[in-house]
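J.:
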Amino acid sequence: MINNSDKSSVAFSEIKSGSQICLTSYRNHYYMFARSLDEEAVEYYNNIMQRVAQCARTAPYLSDPPKNKQAVIAPFSDGNRYRALVIKIQNDKAQIVYTDFGNVDEVNIKELQILPENLALQRSCSAKISLKDVPSDISMNTKVDLFLRELVGNETPLKCAYEGDSLKNGVHLTMPTKESVNDKIKQLLIPTWKQKDQDNTCYMLNDIKVADLGSEGDIVTALILHIQEANIYMMAPFDVELQTHIIQVMPKLLREYCEKAEYYIPRKEELCLALYENEWYRAVCMDPKQSYTTANIFYIDYGNMAEVEHKNIRLMPKDFITPAAMANLCTVVNLAPVDDSGNYSPAIRQKLAELIQPNSIVKIKIVKFSESGDYEIELVDVKKTLIEEGLIPS
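As structure tokens, this is what we get:
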């Protein structure tokens with residue numbers, strides 16, 4: 001195990017000008033990580049991945065909380081384990097950066113394993129790069145995020161050219177189609193509402209997709225967004241990239257647009273942008289005339305509802321139709337006995353309140369998916385806990 005106080009103790013790889021690369025992650029629209037697709041680099045990458053995977057099978061979990069800048073083996077949402085560096089610790093969570101990819105995530109410290117020193121000291125498979133002539137004083141938008149996500153997810157081979165330093169001076173990336181990645185991003189950075197031919201199309205609820213939790217019979221991990229009742233929850237799939245974009249990237253973009261746009265009264269089931277506790281969010285109008293001056297609004301990424309003044313509602317431009325909305329309506333079934341009114345016992349309700357809170361992660365089994373888009377689910381781990389504590393029969 002290594003705990004070097006110098007973050008640069010693990011060297012980054014180098015990328016030669018003129019070589020083929022693929023992006024491994026991006027922090028924004030101009031600063032990202034890439035790995036070489038040269039034969040030697042690919043062989044090194046495969047070797048590191050295999051060694052880490054093999055090591056993770058038997059490596060002990062940390063017996064003590066990790067230290068800052070400690071090298072570890074960490075899980076990722078794809079089910080595999082990779083080299084990582086702890087960069088922040090808060091309660092039982094550790095913020096980590098994956099050594100060979102550059103992406104940042106948060107994991108439970110109980111899931112971290114000891115990384116042998118011989119693996120910890122091996123250089124990273126990735127290199128830091130910046131994109132030449134791509135402006136850094138503009139916020140990244142949804143279109144750019146989706147474009148970069150596609151390049152990363154598909155491991156699209158790109159030709160990398162630069163003079164001087166690939167990070168300081170910037171690189172120029174070219175796709176297999178000969179199209180410039182740099183120029184494409186600069187074009188995508190221009191919001192539609194800033195363009196001369198601004199699109200004022202009104203979009204309805206059926207124009208936006210909702211992120212799937214899974215298929216009937218699947219056992220998946222989900223994020224609790226909002227609790228409506230003891231057996232009704234709004235949930236999102238545990239998709240790190242989707243959550244990162246909606247929670248971290250999108251708010252600045254929404255604020256920039258909404259603070260300049262005029263107020264708007266949407267129709268019933270029309271998509272809109274609405275204020276909630278001084279922040280702007282994607283929403284759908286459930287009742288445009290809740291009162292003479294307010295509308296009843298449902299926030300499609302968080303699952304809560306609110307009565308919002310008309311002056312605090314905006315038209316939703318096409319830029320914000322993607323990515324998919326996060327909130328799915330989930331009704332819990334097969335958990336515990338209910339009374340004549342359909343309610344759990346006070347003891348069950350109290351335990352559920354302890355086990356399930358907004359922003360908590362739960363394991364669910366999808367029992368049924370209706371045409372309306374709603375789910376019936378079982379709370380796998382919660383039910384197990386209720387049985388173990390004698391609150392329900394096994």
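Residue numbers (UniProt numbering): 1 to 394.
Cβ coordinates follow ideal geometry from the N, Cα and C atoms, glycine included.
Quick caveat, the model's predicted, so the values are computed rather than measured.
1. DSSP puts N270 in a beta bridge; with which residues?
2. Sort out for me which residues DSSP pairs V332 with in a bridge.
3. With DSSP collapsed to three states, give me the class of C258.
4. Decide yes or no for the touch test of the region 296 to 303 against the region 330 to 348: beta carbon pairs closer than 8 Å, at least 3 of them.
5. Alpha carbon to alpha carbon, how far is S360 from C125? Give it in angstroms, no decimals.
6. Compute the distance between the beta-carbons of I247 and H29, then report whether it is under 9 Å.
7. Where does D137 land, buried or exposed, given buried means 16+ other C-beta within 10 angstroms?
8. Where does V52 sit, in a helix, a strand or coil, going by DSSP?
9. Residues in the same chain with beta-carbon distance under 7 Å from A222, minus the five sequence neighbours each way, listed in chain order, please.
10. Which one of L275, H172, D78 has the shortest CA to CA distance from T294?
11. In the structure shown, what three-state DSSP assignment does Y263 receive?
12. Name the residue from K128, E179, V181, S291 whose alpha carbon lies nearest to the alpha carbon of D165.
13. Mind checking whether P157 and L271 have CB atoms under 9 Å apart?
14. Out of curiosity, what's the CA-to-CA distance linking L315 and P266?
15. Please report the residue range of the beta strand (DSSP E) in which F12 lies.
16. How about A59 and I48: are their beta carbons less than 9 Å apart?
17. Given a threshold of 16 other Cβ atoms within 10 Å of its Cβ, counted over all protein chains shown, does K383 qualify as buried or as exposed?
18. With C-beta atoms as the reference, is I208 less than 9 Å away from I356?
19. When DSSP labels each residue in this structure, what does I300 get in the three-state scheme?
20. Secondary structure at K384, three-state DSSP: helix, strand or coil?
21. Here's the rule: buried if 16 or more other CB atoms are within 10 angstroms of the residue's CB, otherwise exposed. What is N103?
22. Who pairs with H172 in a beta bridge, going by DSSP?
23. What ranges does the beta strand (DSSP E) occupy inside the region 217 to 249, keeping only unbroken runs of at least 3 residues that lie completely in it?
24. Would F147 pass as a contact of L254 if the rule is Cβ separation under 9 Å?
25. Which residue wins for smallest C-alpha separation from T99, given the options R83, S215, Y281?
26. Going by beta carbon distance, what residues of the same chain come within less than 7 Å of E279, once the five residues before and after it are set aside?
27. Could you check if D6 is buried or exposed, using at least 16 other CB atoms within 10 Å of its CB as the buried criterion?
28. Expressed to the nearest angstrom, what Euclidean distance is found between the alpha-carbon atoms of I297 and Y264?
29. Whole angstroms is fine: what's the gap from P176's alpha carbon to T142's?
30. Sort K69, S130, I114 by Cα distance to L169 and report the nearest one.
31. Ends of the alpha helix (DSSP H) at V362?
32. Using only the alpha-carbon positions, how far apart do M140 and K289 sit?
33. Checking the sheet assignment: what are the DSSP bridge partners for D183?
34. By how many angstroms is the C-alpha of Q95 removed from the C-alpha of D339?
35. Starting from the Cα of R57, find the closest Cα among P116, L85, S77 and give me that residue.
T.: Walking through what the data contain:
1. Counting from 1 along the sequence shown, the entry for residue 270 is found at position 270. The amino acid at residue 270 is misidentified as Asn; the sequence shows Glu. In DSSP, E270 forms a bridge with M204.
2. The residue given as residue 332 occupies position 332 in the sequence shown. Per DSSP, I377.
3. Residue numbering aside, residue 258 sits at position 258 when the sequence shown is read from its first letter. In this structure, C258 counts as helix in the three-state DSSP scheme.
4. no
5. As a working mapping, residue 125 is identified with position 125 in the sequence shown. As a working mapping, residue 360 is identified with position 360 in the sequence shown. Computed Cα separation, rounded: 33 Å.
6. Mapped onto the sequence shown, residue 247 falls at position 247. Mapped onto the sequence shown, residue 29 falls at position 29. Going by C-beta atoms, I247 is not nearer than 9 Å to H29.
7. In the sequence shown, residue 137 corresponds to position 137, counting from 1. That one is exposed.
8. Within the sequence shown, residue 52 is the residue found at index 52, counting from 1. V52 falls in the helix class under three-state DSSP.
9. Along the sequence shown, one-based indexing puts residue 222 at 222. Excluding positions up to five away in sequence, the list reads L213, M235, A236, P237, F238, V362, I364.
10. Position 294 of the sequence shown, counting from 1, holds the residue named residue 294. Comparing Cα positions, the closest option is L275.
11. Here residue 263 refers to the residue found at position 263 when the sequence shown is read from its first residue. Y263: coil per DSSP, three-state reduction.
12. Counting from one through the sequence shown, the residue named residue 165 turns up at place 165. Minimum Cα distance to D165 is reached at K128.
13. Numbered from its first residue, the sequence shown carries residue 157 at position 157. Numbered from its first residue, the sequence shown carries residue 271 at position 271. Contact: no.
14. Position 315 of the sequence shown holds residue 315. Position 266 of the sequence shown holds residue 266. Using only the alpha carbons, I get a separation of about 7 Å.
15. Position 12 of the sequence shown, counted from the first residue, corresponds to residue 12. Looking at the DSSP string, F12 is not in any beta strand (DSSP E), and its letter there is neither H nor E.
16. Numbered from its first residue, the sequence shown carries residue 59 at position 59. Numbered from its first residue, the sequence shown carries residue 48 at position 48. No, these two residues do not count as a Cβ contact at 9 Å.
17. On the sequence shown, position 383 is the one that residue 383 refers to. K383 is buried by the Cβ-count criterion.
18. Taking the sequence shown and counting its residues from 1, one reaches residue 208 at position 208. Taking the sequence shown and counting its residues from 1, one reaches residue 356 at position 356. Cβ atoms of I208 and I356: not closer than 9 Å.
19. By one-based count along the sequence shown, residue 300 stands at place 300. The answer is coil: DSSP assigns I300 none of H, G, I, E or B.
20. Numbered from 1 along the sequence shown, position 384 holds the residue referred to as residue 384. Helix, per DSSP.
21. For the purposes of this step, residue 103 is taken as residue 103 along the sequence shown, with counting starting at 1. Buried, because 16 or more other Cβ atoms sit within 10 Å of the Cβ of N103.
22. What you label residue 172 is simply residue 172 of the sequence shown in a count that begins at 1. Looking at the DSSP assignment, H172 forms a beta bridge with A161.
23. Fully enclosed beta strand (DSSP E) runs of 3 or longer: 219 to 229, 232 to 237.
24. Residue numbering aside, residue 147 sits at position 147 when the sequence shown is read from its first letter. Residue numbering aside, residue 254 sits at position 254 when the sequence shown is read from its first letter. No, the Cβ-Cβ distance between F147 and L254 is not below 9 Å.
25. Along the sequence shown, read from residue 1 onward, the residue named residue 99 stands at position 99. Ranking the options by Cα distance to T99, first place goes to R83.
26. The residue labelled residue 279 in the question sits at position 279 within the sequence shown. The answer, listed in chain order, is P251.
27. Here residue 6 refers to the residue found at position 6 when the sequence shown is read from its first residue. For D6, the predicted structure reports a pLDDT of 36, less than 50, and the residue's modelled location is therefore unreliable. The matter cannot be settled from this model.
28. Start at 1 with the first residue of the sequence shown, and residue 297 comes out as number 297. Start at 1 with the first residue of the sequence shown, and residue 264 comes out as number 264. Per the coordinates, the alpha-carbon of I297 lies some 13 Å from the alpha-carbon of Y264.
29. Locating residue 176 in the sequence shown gives position 176, counting from the first residue. Locating residue 142 in the sequence shown gives position 142, counting from the first residue. Distance from the CA atom of P176 to the CA atom of T142, rounded to whole angstroms, is 23 Å.
30. Here the question's residue 169 lines up with position 169 in the sequence shown. Reading off the sequence, residue 169 comes out as Asn, not Leu. Cα-wise, what sits closest to N169 is S130.
31. Working through the sequence shown from its first residue, we reach residue 362 at position 362. Unbroken run through V362 is the beta strand (DSSP E), 361 to 369; no alpha helix (DSSP H).
32. Stepping through the sequence shown from its first residue, residue 140 is reached at position 140. Stepping through the sequence shown from its first residue, residue 289 is reached at position 289. Taking the straight line from one Cα to the other gives about 35 Å.
33. Position 183 of the sequence shown, counted from the first residue, corresponds to residue 183. The partner list for D183 (beta bridge, DSSP) is empty, contrary to what the question assumes.
34. The residue labelled residue 339 in the question sits at position 339 within the sequence shown. The residue labelled residue 95 in the question sits at position 95 within the sequence shown. Straight-line Cα distance between these residues: approximately 44 Å.
35. As a working note, residue 57 is residue 57 in the sequence shown. For R57, the nearest C-alpha among the options comes from P116.
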